[in-house]
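Asks: I'd like to ask you about the structure that follows.
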Amino acid sequence: MDLAGKRVIIVGERDGVPGPAIEACVRSAGAEPVMVQTQCFV
Amino acid sequence: MSHPVVRDIRFFLAHTPGLVRHGSKPTREIHSNHSVWQDIQGSLRSFDEAAAYAPHQVLLGNMKPDGLNTAAAPWYENMLAEYSTSGPHGELVNEDQFHGLLKAADEFDLVLLEEGYAARVAAELRSHPRVTDEEIERIQGVPYSRIEERLTSREGAIPLLTRDGETIGLVQTDYVDDASLAPDILLENLAVKATATMALRSVLAESGTDPAGLQYVIGSGEEAIGDRYNRGGGNLAKTVAEAAACVNSTGSDVKAFCCAPVHAMVVGGSLVQSGVFPEVAVVGGCSLAKLGMKFRGHLAKEIPVMEDVLAGFAVLMGPDDGTSPVLRLDSVGRHTVGAGSVQQAIVEALVADPLDRLGLKFGDVAKYATEMHNPEITDTAGSGNVPRTNYRLIAALAAQRGEIEKGSESRDRFVEQHGMPGFSPTQGHVASAMPFMAHALDDLRAGDYQYSMFLAKGSLFLGRMTHMSDGESFILESNSGAG
């Protein structure tokens with residue numbers, strides 16, 4: 157998937173991959189995170 | 007200076023299917039569509055079904071956690087033929103008894119019970135060894151007409167219903183314009199007080215500890231007690247100390263989301279070791295907001311709505327007595343501000359660093375206690391198997407360090423040996439490592455192994471003030487008797 161130039165909504169998970177970690181990945185792929193959240197599902 | 011030891015712990019469980027409607031998720035969904043309650047109600051368990059549920063028997067101490075590995079699954083379909091509502095680690099009460107305990111905990115006429123129901127519940131609780139005569143006297147009811155009138159004539163009251171849908175009382179506020187004292191908040195806080203109080207009374211009585219000898223109580227729950235000017239101001243700890251007749255105790259609350267109990271244990275151990283407060287209790291009441299949190303997933307799969315149980319706990323700590331397991335304050339694992347939120351960094355901070363400090367290998371810790379959420383509740387609703395995920399991360403770190411072989415076979419062997427199936431109700435902070443402590447104390451005292459690690463994570467980001475996570479850990483060691 158080519159993320160360059162795309163806007164991204166990020167929902168991370170506490171016991172999985174948290175939002176800031178996903179944010180770092182999508183930024184490195186040239187995308188623009190417009191919302192970053194981490195949720196806890198327990 | 008004396009090393010702190012953990013003397014005992016007890017759990018208090020209440021099966022409260024009628025209160026599921028007051029969980030955060032059901033409340034919101036019922037508000038937008040009243041028929042949702044009928045759907046939930048049709049999938050609520052009976053008290054016997056909740057009591058015969060294998061994970062609850064593990065929490066009560068009638069079954070070992072590893073026993074779940076061989077218990078017929080799904081556990082909700084394979085009730086145990088032999089079960090008890092009490093065990094060496096705690097007790098389970100039914101919803102009628104719990105409604106009585108809510109009234110017993112109420113000093114401000116916040117709870118009204120219908121008079122016939124109140125009389126029946128008071129009679130049922132009269133023989134309970136941990137309910138005082140004064141509290142039984144407090145469980146007085148009012149005519150049903152008064153309950154009906156209060157619920158319909160003005161705002162500021164919510165009904166209390168049984169699983170069968172019978173309105174048996176209400177919770178009311180006398181400050182209708184204070185959102186921090188809204189009836190649903192007051193219900194939540196009374197439930198916290200009742201569960202934590204019963205757990206503390208149990209651990210004191212069953213360990214033969216004089217309540218007057220306790221000096222400090224630390225609350226570690228996620229409740230937010232206070233009025234509009236001090237929302238979350240708290241000190242549930244001292245409230246519970248009073249209710250448990252700990253007349254020489256003071257206390258305070260430690261707030262750290264789900265990992266607050268682990269923080270509280272470390273703070274408590276430090277108070278013991280410093281000699282400032284040698285006799286300490288750590289308590290955690292229930293999390294009523296989480297009742298029915300994943301009901302949508304359960305209904306979709308046509309399985310019982312299993313988030314129908316409230317849980318609280320109480321731990322006693324003190325100076326080295328030569329026999330009780332030692333809380334190794336030099337083992338405390340900390341997730342610092344600079345550690346980052348990537349899972350590997352968290353596990354390194356909470357597991358690898360403490361092991362390095364003590365010169366231990368991953369395999370030296372016989373059992374790791376992490377978030378012990380029952381996977382049957384979470385996995386069936388798409389929230390994953392939380393303990394297994396955490397155990398696999400610990401195994402992966404052990405493999406990365408060359409302490410176990412790489413590959414899924416070795417990983418699964420490590421998880422089976424050093425982990426365990428989750429067995430805790432999804433009660434937030436209560437589920438974080440603490441459910442295993444009673445079993446660990448038994449095992450460490452029996453000499454089954456030398457080390458057990460307790461680690462928990464907290465979701466600070468939920469408060470919208472930071473993106474950070476949190477976490478803390480400690481190791482319990484069997485007592486060598488050397489002092």
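Going down the list, the protein sequences come from chains A and B. Position 5 of the first sequence, counting from 1, maps to 161 under the numbering used here, and the rest follow consecutively. Position 180 of the second sequence, counting from 1, maps to 186 under the numbering used here, and the rest follow consecutively. Cβ coordinates follow ideal geometry from the N, Cα and C atoms, glycine included.
B/S486 and B/A462: beta carbons closer than 9 Å?
Replies: The answer is no: Cβ separation not under 9 Å.
Asks: Check each residue of the stretch 352-384 of chain B: if its Cβ is closer than 8 Å to any Cβ of chain A, include it; give the result in chain order.
Replies: Per Cβ criterion, the list reads E377, H379, T384.
Asks: Tell me whether the beta-carbon of B/L356 lies closer than 9 Å to the beta-carbon of B/G477.
Replies: Yes.
Asks: Using only CA atoms, which one of B/S414, B/G238, B/A218 lies nearest to B/H186?
Replies: It should be pointed out that residue 186 of chain B corresponds to Ser in this sequence rather than to His. Taking only the C-alpha atoms, the option nearest B/S186 is B/G238.
Asks: Can a CB atom of chain B be found closer than 9 Å to the CB of A/V182?
Replies: No - not a single Cβ of chain B is within 9 Å of the one on A/V182.
Asks: Could you give the residue range of the alpha helix (DSSP H) that holds B/P61?
Replies: Element bounds for B/P61: 60-66.
Asks: Count the CB pairs spanning the stretch 322-341 of chain B and the stretch 41-52 of chain B that are closer than 8 Å, and state whether there are at least three.
Replies: Because the criterion of three Cβ pairs below 8 Å is not met, the stretch 322-341 of chain B and the stretch 41-52 of chain B do not touch.
Asks: Is any heavy atom of the ligand ZN found at a distance shorter than 8 Å from the C-beta of B/L461?
Replies: By its list of ligands, the structure shown contains no ligand whatsoever, and the ligand ZN lies outside what it can speak to.
Asks: Using only the alpha-carbon positions, how far apart do B/D184 and B/D190 sit?
Replies: Those two C-alpha atoms are separated by around 12 Å.
Asks: Closer than 8 Å is the cut-off here; do at least three beta carbon pairs connect the stretch 263-276 of chain B with the stretch 456-470 of chain B?
Replies: The stretch 263-276 of chain B vs the stretch 456-470 of chain B: in contact.
Asks: Grab the span of the beta strand (DSSP E) containing B/Q279 for me, first residue to last.
Replies: B/Q279 -> not in any beta strand (DSSP E); alpha helix (DSSP H) instead, spanning 266-280.
Asks: With a cut-off of 8 Å on the beta carbons, I'd call B/F104 and B/T22 a contact; round off their distance for me.
Replies: The pair is a contact, with the Cβ atoms about 6 Å apart (cut-off 8 Å).
Asks: What residue range does the alpha helix (DSSP H) around B/R451 cover?
Replies: Residues 443-452.
Asks: Using only the alpha-carbon positions, how far apart do B/R126 and B/L294 sit?
Replies: Near 24 Å, if we compare the C-alpha coordinates of B/L294 and B/R126.
Asks: Are there three or more Cβ pairs, one per stretch, closer than 8 Å when the stretch 177-187 of chain A is compared with the stretch 410-428 of chain B?
Replies: No, because fewer than three Cβ pairs between the stretch 177-187 of chain A and the stretch 410-428 of chain B fall closer than 8 Å, the two stretches do not touch.
Asks: Against B/S293, what residues of chain A qualify as contacts under a CB-to-CB distance less than 9 Å, listed in chain order?
Replies: Here the premise fails: no neighbours, minimum Cβ distance about 11 Å.
Asks: Taking 9 Å as the threshold (C-beta atoms), are B/E308 and B/M299 in contact?
Replies: Contact flag unset, no.
Asks: Considering B/I352, what are the terminal residues of the alpha helix (DSSP H) in which it resides?
Replies: Where B/I352 is concerned, the enclosing alpha helix (DSSP H) stretches over 349-353.
Asks: DSSP three-state call for B/M378: helix, strand or coil?
Replies: Here B/M378 sits in coil by DSSP.
Asks: Ends of the beta strand (DSSP E) at B/I231?
Replies: First-last for B/I231: undefined, no H or E at that position.
Asks: Report yes or no: is there a C-beta of chain B within less than 9 Å of the C-beta of A/P189?
Replies: It does not: the Cβ of A/P189 has no partner Cβ on chain B nearer than 9 Å.
Asks: Within 10 Å of its beta-carbon, does B/H40 have 16 or more other beta-carbons around it, so buried, or fewer, so exposed?
Replies: B/H40 is exposed by the Cβ-count criterion.
Asks: Show which residues of chain A have a CB atom less than 8 Å away from the CB atom of B/H473.
Replies: Simply P174, G175, P176, V192, T194.
Asks: B/A211 and B/F319 - do their beta-carbons sit closer together than 9 Å?
Replies: In this structure, B/A211 does not lie closer than 9 Å to B/F319 by Cβ.
Asks: Going by other Cβ atoms of all chains shown within 10 Å of its Cβ, with 16 needed for buried, is B/I153 buried or exposed?
Replies: Buried.
Asks: Looking only at its chain, what residues have a beta carbon closer than 8 Å to the beta carbon of B/Y455, apart from the 5 residues adjacent to it on each side?
Replies: Closer than 8 Å at the Cβ level, and outside the excluded window around B/Y455, lie A372, K373, D449, S484.
Asks: Which of the three DSSP states is assigned to B/F420 in this structure?
Replies: Correct three-state label for B/F420: helix.
Asks: Please confirm whether B/P217 and B/A250 have their CB atoms less than 9 Å apart.
Replies: Cβ distance < 9 Å, so B/P217 and B/A250 count as in contact.
Asks: Can you list the residues of chain A that B/V342 reaches, using a CB-CB cut of under 8 Å?
Replies: Before going on, a small fix: residue 342 of chain B reads as Thr here, not Val. Within 8 Å Cβ-Cβ: nothing; B/T342 doesn't reach chain A, min ~16 Å.
Asks: Kindly indicate which three-state DSSP category B/L366 falls into: helix, strand or coil?
Replies: Coil.
Asks: Quick one: is B/S484 near chain A, going by C-beta distance under 9 Å?
Replies: Chain A, which has no Cβ nearer than 9 Å to the Cβ of B/S484, makes this no.
Asks: With 9 Å set as the bound, which would you pick, yes or no: does the beta-carbon of A/R163 sit closer than that to a beta-carbon of chain B?
Replies: It does not: the Cβ of A/R163 has no partner Cβ on chain B nearer than 9 Å.
Asks: Who are the Cβ neighbours of B/G496 in its own chain at under 6 Å, not counting the five residues just before and after it?
Replies: Residue coverage of chain B in this structure runs from 7 to 489, which leaves residue 496 of chain B outside it and unanswerable.
Asks: Identify whether B/Y123 lies in helix, strand or coil by the three-state DSSP scheme.
Replies: Three-state DSSP puts B/Y123 in a helix.
Asks: For a contact defined as C-beta to C-beta under 7 Å, what are the partners of B/V392 on chain A?
Replies: Ordered by position in chain A, the residues that pass the 7 Å Cβ test against B/V392 are D171, V198.
Asks: Quick one: give me the first and last residue of the beta strand (DSSP E) that B/D14 is part of.
Replies: Unbroken beta strand (DSSP E) run through B/D14: 10-21.
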